[in-house]
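Top to bottom, those sequences are chains A, B, C, D, E and F.
So for the first sequence, my numbering puts the first residue at 14; every next one is plus one.
So for the second sequence, my numbering puts the first residue at 14; every next one is plus one.
So for the third sequence, my numbering puts the first residue at 14; every next one is plus one.
So for the fourth sequence, my numbering puts the first residue at 14; every next one is plus one.
So for the fifth sequence, my numbering puts the first residue at 14; every next one is plus one.
So for the sixth sequence, my numbering puts the first residue at 14; every next one is plus one.
The structure under discussion appears below in the form of structure tokens.
6 protein chains.
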Amino acid sequence: MSTVSPPTDPESDPRIKAVFDDIRTTRQTDTINALWHYLAFDTAVLEETWRDVKGLMATETTLDFKTKEMLYIAVSISNNCDYCVHSHTAAARARGMTDAEHGELLRIVALASKTNALANAIKPPVDAVFDKERTA
Amino acid sequence: MSTVSPPTDPESDPRIKAVFDDIRTTRQTDTINALWHYLAFDTAVLEETWRDVKGLMATETTLDFKTKEMLYIAVSISNNCDYCVHSHTAAARARGMTDAEHGELLRIVALASKTNALANAIKPPVDAVFDKERTA
Amino acid sequence: MSTVSPPTDPESDPRIKAVFDDIRTTRQTDTINALWHYLAFDTAVLEETWRDVKGLMATETTLDFKTKEMLYIAVSISNNCDYCVHSHTAAARARGMTDAEHGELLRIVALASKTNALANAIKPPVDAVFDKERTA
Amino acid sequence: MSTVSPPTDPESDPRIKAVFDDIRTTRQTDTINALWHYLAFDTAVLEETWRDVKGLMATETTLDFKTKEMLYIAVSISNNCDYCVHSHTAAARARGMTDAEHGELLRIVALASKTNALANAIKPPVDAVFDKERTA
Amino acid sequence: MSTVSPPTDPESDPRIKAVFDDIRTTRQTDTINALWHYLAFDTAVLEETWRDVKGLMATETTLDFKTKEMLYIAVSISNNCDYCVHSHTAAARARGMTDAEHGELLRIVALASKTNALANAIKPPVDAVFDKERTA
Amino acid sequence: MSTVSPPTDPESDPRIKAVFDDIRTTRQTDTINALWHYLAFDTAVLEETWRDVKGLMATETTLDFKTKEMLYIAVSISNNCDYCVHSHTAAARARGMTDAEHGELLRIVALASKTNALANAIKPPVDAVFDKERTA
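Shown next, in the form of structure tokens:
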């Protein structure tokens, strides 16, 4: 059950069709995942979101595609986004993430969540040596 | 201001000394960061936390050290752990993270936080194609 | 699947009946949503929650009803409360929220989540000009 | 203490200068808040963030400016972004938010946080009547 | 730096004075902590918050005072509320929490944060045996 | 729908069998809950998680078993871990948590979530009297 309704005939709207066409071309697939259908309830949201995702996750940048998807998963777990954990886990696998890497990613997320809780509970002073401005 | 007091003479306790010695040896430094001094308020917490951090973050595993630290930063930002963001940003730089990689990491955390919010707001159905059990 | 059981015959308890009657009168409806049935597992929780919700969300106050529901949605998305996002999206629509306003609300939640993550990652110093006590 | 260093002479970079000039023009002020100085550590992050903030928060859209800033505050409190709570509280005041409205905003954030916790603890079934797709 | 200004002469307002008097009587102290001074920026917020805190945390109920404060700390760490972690850690100590209990509390918060992250990452099906409604 | 696949014949792996045997012995039950089946996708994650859970939650320590489970629930609600709220609510009941105690636990989580939001919104200065280091 969703909080918005996807348009029943999305590609009759040329702005939506342009985004969907670009998704198909960029990803070399005929499948438009559910998120994009639902984001199309508001054309501006659809266009902006796809522009951002395409520019960072579907474009050659400094980090490799697999690392970028693994970072995306780490954030999505921490924010507890059900849809995003599923979609980016699938994407990371498509970018070459092995089961061993996936297991290690989850171990890091688990350990960081643990030490984050400890540090937020204790609130130790931040060491001056960590300061970028001092060390730069 | 912290919620626990670090021991005034921590290394007079042989269990604390053993952990601090191992930190110095493993990290090849004389510095024991504040977190470890404060965790020493409870020896069991100190021992367990160092065992976990050493086993994953200071040991050769599947993922390289820099990627592991960047994943740790991504989680720490999402959990808003002030100390951890600082300490693991410093650690990632020590492992070779460049300013360009740092900038890209922050762009991914920012974008994921945005689409996490959108997906959690809309709650689209999760596409069957993402299912590991189906696709395995 | 829920973690508590709603009473099987809630209105046989006069305190529960009083709350349910007040919900029906205040909202001018015969429907008691599931949340209230489940909160009735503990009469004190039910009474307090309804008292708070009625006093703020079902009473004329400074902000108009639609704005109050939209603020409620923004918090509920950020806290990732599935039930609350659904119930308050329905309530906001009943108070007059249009699809365009809903789309814009989601854009704001998405943008704020993005810049929240950036600021929490970077931790810039807070500008003195923002200080209420200085500017008051 | 921040995790990145702002450029020492930011406006010597024409891309940064263009953003800073646009901030000054759009906001009709000479002040560039700290966030923008720090975001300038990575030009792409700076440009994207300003483009998004300007397009939604500094542009006439469906919702009025004050309501948009109040929604931004609600999200920023829930995500516990120190900088953002301060900057958008100042912005909302500049857009006309009164102390009474501010107090009411905080009451809504507090109440929503409470009922979000209760609903996430109990997990009642979501009422079919909330379903946009059924009711549309 | 705070987002609201506490009243300069709070007890000149009889509603604020009534709350402050009740805090002093209930807690048997002359000290009014900063939170209450700042909440007094909006009398309704002050009254409601004190009524709720007094009714649950300063009143004999089913759970003992120390356990209630420790539960409060656990939530406050998870929500990363700096002020609340400090104030309720002090309160728990005043209610008899020992250093060993504090250490164990932090170990539980740390472990739960870790397994919460793992379960949210993996999303295993919830076992039917956990269902209150089946087992009741 | 889960993001990893549990092994189809887990106990053919002697490391997994050792953990499952220990779970059955420690908990005096034949049932291995779903979480453990899914964690077995990565043997190291399974072993570490069970070691940690057994050492703290299934071992006599300073706090009693019921209190430990209630603290675990409080964190799991705040982190919105669906599986964990269910499993630890069942565990707390098995350790003797009554319906009245469960109701009171939820009232504390709800109240803390509310005051956490208020304090994070207002950011009052932390009273010096809360300082462990001063008062120790």
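From the three backbone atoms N, C-alpha and C, an ideal C-beta is built for every residue, glycine too.
Query	Result
So that I know if they touch, is there some Cβ in chain F lying closer than 7 Å to that of residue 16/E?	yes
7 Å is my cut-off, CB to CB: does residue 149/B come that close to chain E?	For residue 149/B, the predicted model reports a pLDDT of 48, less than 50, meaning its position is unreliable; a value from the coordinates is still stated below. Chain E, which has no Cβ nearer than 7 Å to the Cβ of residue 149/B, makes this no.
Measuring straight from C-alpha to C-alpha, what distance separates residue 47/D and residue 121/F?	38 Å
Going along chain F in order, which residues have a C-beta closer than 7 Å to the C-beta of residue 122/D?	130 and 134
Quick check on the burial criterion: 16 or more other C-beta atoms within 10 angstroms. Buried or exposed for residue 15/B?	buried
Identify, in the order they occur along the chain, each residue of the same chain with its Cβ nearer than 7 Å to the Cβ of residue 19/F, setting aside the five sequence neighbours on each side.	50, 51, 53 and 54
Should residue 113/A and residue 75/B be called a contact, given that it needs their Cβ atoms to be closer than 7 Å?	yes
Determine whether the beta carbon atoms of residue 88/F and residue 89/E lie at a separation below 7 Å.	no
Using a cut-off of 7 Å between C-beta atoms, extract the partners of residue 144/F located in chain B.	14
Using DSSP with H/G/I as helix, E/B as strand and the rest coil, what is residue 45/B?	coil
For the structure I just gave you, are there three or more beta carbon pairs, one from the stretch 120-137 of chain E and one from the stretch 116-130 of chain A, closer than 8 Å?	yes
Is the number of C-beta pairs between the stretch 58-71 of chain C and the stretch 94-109 of chain D that are closer than 8 Å three or more?	no
Would residue 102/C count as contacting chain A if we go by Cβ distances under 7 Å?	yes
Answer with buried or exposed for residue 202/F, where buried requires no fewer than 16 other C-beta atoms within 10 angstroms of its C-beta.	Any property of residue 202/F remains undetermined from this structure, which presents chain F solely from 14 to 149.
Let me know if residue 136/F comes out buried or exposed under the rule of 16 or more other beta-carbons within 10 Å of its beta-carbon.	buried
Applying the criterion that 16 or more other CB atoms from any shown protein chain within 10 Å of the CB defines a buried residue, is residue 21/F buried or exposed?	exposed
Distance cutoff 7 Å, beta carbons only. Does residue 109/A sit that close to anything in chain F?	no
Can you give me the Cβ contacts of residue 23/E inside the same chain, cut-off strictly under 8 Å, excluding the 5 residues immediately before and after it?	29, 30, 33, 50 and 53
Measure the C-alpha to C-alpha separation of residue 37/F and residue 70/F and round it to an integer number of angstroms.	15 Å
Restricting to Cα atoms, I'd like to know which of 59/E, 143/E and 45/E is closest to residue 97/F.	143/E
Alpha carbon to alpha carbon, how far is residue 84/C from residue 26/E?	30 Å
When burial is assigned at 16 or more other CB atoms within 10 Å of the CB, is residue 44/A buried or exposed?	exposed
Between the Cα of residue 118/B and the Cα atoms of 68/B, 82/B, 138/B and 42/B, which residue gives the shortest distance?	82/B
The alpha helix (DSSP H) with residue 104/B in it runs from where to where?	95-107
Can you check whether the C-beta of residue 127/D is within less than 7 Å of a C-beta belonging to chain F?	yes
Could you check the C-alpha separation between residue 77/F and residue 73/A for me, to the nearest Å?	54 Å
Straight-line CA distance for residue 140/F to residue 101/E?	12 Å
Is there at least one Cβ from chain D nearer than 7 Å to residue 46/B's Cβ?	no
When we look at the beta-carbon of residue 80/F and count the other beta-carbons within 10 Å, is it buried (16 or more) or exposed?	buried
Looking at the C-beta of residue 93/D, does it have a partner C-beta in chain F at a distance below 7 Å?	yes
For residue 41/D and residue 132/B, I'd like the C-alpha separation in whole angstroms.	35 Å
Any Cβ of chain A within less than 7 Å of the Cβ of residue 58/F?	yes
Residue range of the alpha helix (DSSP H) that residue 27/D falls in?	27-40
Could you name the residues of the same chain whose beta carbon sits closer than 7 Å to that of residue 17/E, not counting the 5 residues immediately before and after it, in chain order?	51 and 54
Nearest CA to the CA of residue 134/C: which residue from 138/B, 134/B and 116/B?	116/B
Alpha carbons only, please: which of 58/E, 59/E and 68/E is nearest the one belonging to residue 39/E?	68/E
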